[in-house]
Structures are given as C-alpha cells and as structure tokens.
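So the protein lines, in turn, are chains A and B. Sequential numbering of the first sequence, starting at 1, is according to our numbering. Sequential numbering of the second sequence, starting at 1001, is according to our numbering. Cβ atoms here follow ideal geometry from the backbone N, Cα and C, with glycine treated the same way. One structure below.
Protein chains: 2
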Amino acid sequence: MQKLSENMEDYLETIHALSREKGVARVSEIAEKMDVKSPSVNAAMKNLADRDLVIHEKYGYVTLTPQGQKLAAAVQEKHDVLYRFLTEFLMISPEQADQEACSIEHAISEETFDRFVKFFKFLENSARTQKPRLLRNLETYLKTGKKVTCECERA
Amino acid sequence: MQKLSENMEDYLETIHALSREKGVARVSEIAEKMDVKSPSVNAAMKNLADRDLVIHEKYGYVTLTPQGQKLAAAVQEKHDVLYRFLTEFLMISPEQADQEACSIEHAISEETFDRFVKFFKFLENSARTQKPRLLRNLETYLKTGKKVTCECERA
DNA sequence: AAGCATTGTTAGTCTAGGCTAACATCCGGG
DNA sequence: CCCGGATGTTAGCCTAGACTAACAATGCTT
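Okay, here's the thing in structure tokens:
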C-alpha cells in the first residue's frame, strides 16, 4: 500500500471531524470545509475508497472504514498536540495555530511525533509543577526578548 | 508575486547549499542532490529565473540573485533551527532530523518560526543555566517515560 | 404523485512537477 | 583541430489534484 498523500490525509481528517461533529459526512460538507468543489471531493473519495479507507455509496454518505478511522485519528492526534503547543507555548492565535498545525501535521514522522508528545508532556508538567516560573519566564521572553534566568538557579 | 511552492523552495535551498559547499551550482549537482533528473532541474530553473530568483546561463552555472539569496537563507535558517531542536531536544538521529527538518521547514510561517526561535533559545538557555537539570530530566523522560519533578521544586 | 431545488456525479480541461528519449553543446585528449 | 564522452536542453508524456459545465439522482412540498 502506497503512502497517503498530504491531500488524502486532509480528506480523511475532514471526514473524521464531520463524522464526530454531525454524525455523518456528506460530499457537500467535505467540499465546504476544505474549500474545494464537489467534483474534487468525488475524485478523492474514489481514491480513498480504492484504498479501503472510506465507504462511499453512490449519492450517499461517506464513512470511514476501521482502517480509515485509525489513520484519521492519528492525523487528528498530531493536529491536536501541535495546536496545543502552538497556542500554549508559542502563544500563536487559535486560528493561525489551527492552520499551521494543519500543514505541520503532515510533515512529522511517527517517531518524531512520539518524542514530541513526550517533550510536550514534559513541558506541561514543568509548567504545572514549577508554575509559574518556567512558563512565565518563557512568556516574558517571548514578549520582551529578555532572558530571565531561572529563579531557583540564582538562589 | 505568487508564493513559492515547497518544491521551488527546495531548489533554492539546494542551490544555496551547493554554492556554499563548492562555490558554484551546476544542473547535474542539483539533480543529484535532490534525487531528480536534470530535465526537472531545468524546468525548475526556468521557473525560478522567471521570478528573478536565480540566474541560469545556457549550458552554464546557476547562481542566486540577491532576492533568491534572501529567500534561500530564510529557508536554510528554518532548517537549521529545526534540525537542532530535533537532534538536541528530541534526540532524533542526524540523518532523520535532516530529512524531517526538510519537510517541516516549509510548513512554518514567519510568525511561528520567529516565536519558535525564541522558544528554542529559551530552552537552550535553560539547558545551560540549569544544566544538567532540565535537559537531563527531559532526557530521562524521553528514554524511560518517567516524569521527574524539577529538583529545585522539591527542595 | 409530480416538479423543482438541492446534491452528487461524470467528462473534460488545467497546472505543477516529475519522467524518458532524443538532440545540442562543451571540453579534454589524441 | 576534431572527436567522443559528459553535461545540458528540448519535446513530449504522465500523475495528482484542482476546476467548470453538463448531466443524474434525491427528496421536499405541495
């Protein structure tokens, strides 16, 4: 099985999101959400159906197969972690973070994502236990460019 | 001027690298480094020359215009920071880090990159001043999955 | 139950960016 | 000088993934 293209991953992700939001996914909704026209969606559904990632009955709904589910969930998970990193630690606006997570999510290997998740949890943990030191220092630094040495270091 | 595609950014980056490594960039070298055939390079050079990003004399060398330089340097900078983050903090192997930096570099906006650089410097600074606490804890965590609360917090 | 708006599908076209095969130019060695 | 191999270019083709225009199915509304 050939690796999925970024575009096809995006389709899966969108179907996944729609299914969770509205229960089902329809061609027109997918088109609208992805800002493409319905014939493009149609072609993509044919592609994904051929790979057994979706089921698309003529003039009917689109649903993910278990395989498609799994892939979509993996992409979604990357999206979510990236989004949280961008908003919580880089303080990017929600809209922009969402958009960028959407690009970056396709560029990251499983291996790297796995480590990044750990890294992220570590940061969050530090932010919690050292609160508000580490995070506040970072925030100050991001805003002012001034380095703040850790208080516990100076002590 | 239309935004550059990822592929064209890659061409610029490769020309930039070759120019620095060997002084000049030739079609065959670009092709080899990017693992494409020379007619593809040719088409890309025509594209980039039309945008005034490179100069490509017939049967001759390829050089970056000042504009091309600037763009290439920006891409390169993203690559470098990402590479360092991946190797130093996520402990990804040099080869894989290089490869992934190559994908991720195209997916990041100027805004986000800017903040990420600050974030990265902050991390490096913490790693230096708190050495070896923060980094060692992260390393332990990445390897074992065990969370380690900051020593200065427990004190 | 029929008609029409909505929705989905098909056919055909376009662009980016690959490729191969064939042709053109360049340059070093005889 | 000139010839052959290396290098560069052109022409023509392919695929992914978008689009428009035209056609088909569905289903709500009366």
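Whole angstroms is fine: what's the gap from residue i's alpha carbon to residue j's?
i         : j         : result
Ala72/A   : Glu1057/B : 47 Å
Ile55/A   : Lys1078/B : 40 Å
Glu95/A   : Leu64/A   : 27 Å
Arg20/A   : Asn47/A   : 22 Å
Leu86/A   : Leu53/A   : 30 Å
Tyr1011/B : Arg1115/B : 26 Å
His1106/B : Gly1068/B : 16 Å
Ser5/A    : Thr1129/B : 43 Å
Tyr61/A   : Ala49/A   : 12 Å
Lys118/A  : Ile1092/B : 13 Å
Ser28/A   : Leu82/A   : 28 Å
Cys150/A  : Ile1108/B : Per-residue confidence for Cys150/A stands at a pLDDT of 45, beneath the threshold of 50, marking its modelled position as unreliable; no derived number is given.
Ile15/A   : Ser40/A   : 14 Å
Leu18/A   : Ile30/A   : 8 Å
Glu110/A  : Lys33/A   : 26 Å
Leu1123/B : Leu90/A   : 12 Å
Ala1044/B : Ala1025/B : 14 Å
Lys3/A    : Lys70/A   : 14 Å
Cys152/A  : Ser1126/B : Note that Cys152/A scores 43 on pLDDT, short of 50, meaning its location in the model is unreliable; the coordinates nonetheless yield the value given after this. So the two alpha carbons sit approximately 11 Å from each other.
Val1036/B : Glu1013/B : 15 Å
Lys121/A  : Thr112/A  : 14 Å
Glu100/A  : Ile1104/B : 11 Å
Met8/A    : Arg1084/B : 30 Å
Arg154/A  : Ala1097/B : Low per-residue confidence applies at Arg154/A: pLDDT is 42, beneath 50, and the placement is therefore not dependable enough to give any value.
Asp1080/B : Glu1088/B : 12 Å
Cys102/A  : Met1/A    : 24 Å
Ala51/A   : Lys22/A   : First, the residue type needs correcting, since residue 51/A is Arg and not Ala in the sequence shown. Computed Cα separation, rounded: 24 Å.
Ala74/A   : Tyr1059/B : 48 Å
Gln1076/B : Pro1066/B : 15 Å
Asn1042/B : Ser38/A   : 35 Å
Does the beta carbon of residue i come closer than 8 Å to any beta carbon on chain A?
i         : result
Ala1074/B : no
Phe1119/B : yes
Cys1150/B : Residue placement at Cys1150/B is poorly supported in this model, since its pLDDT is 45, which falls under 50; the coordinates are not used for a value here.
Ala1127/B : no
Leu1004/B : no
Leu1012/B : no
Ile1015/B : no
Met1008/B : no
Val1030/B : With the sequence shown as reference, residue 1030/B is identified as Ile, and Val is not the correct amino acid for it. By this cut-off, Ile1030/B is not an interface position.
Leu1086/B : yes
Ser1103/B : yes
Helix, strand or coil for residue i? Go by DSSP, reduced to three states.
i         : result
Met14/A   : Looking at the sequence itself, residue 14/A is Thr, so the reference to Met does not match. Helix at Thr14/A.
Glu9/A    : helix
Ala1155/B : Confidence at Ala1155/B is low in this model, with a pLDDT of 36, below 50, so the placement of that residue should be treated as unreliable; the coordinate-derived value is given next. Here Ala1155/B sits in coil by DSSP.
Met1001/B : coil
Under DSSP, the alpha helix (DSSP H) around residue i begins and ends at which residues?
i        : result
Thr112/A : Glu110 to Thr129
Ser93/A  : Ser93/A -> no alpha helix (DSSP H), and no H or E assigned at all.
Could you tell me whether the Cβ of residue i comes closer than 8 Å to any Cβ of chain B?
i        : result
Glu100/A : yes
Ile55/A  : no
Arg115/A : yes
Thr112/A : yes
Met34/A  : no
Leu71/A  : no
Ala107/A : yes
Leu64/A  : no
Leu90/A  : yes
Exercise. Considering only residues of the stretch 30-71 of chain A, which uninterrupted beta strand (DSSP E) runs meet the minimum length of 3 residues and lie entirely inside it, listed in chain order?
Worked result: With a minimum length of 3 residues, the continuous beta strand (DSSP E) runs that stay inside the stretch 30-71 of chain A are 54-56 and 62-64.
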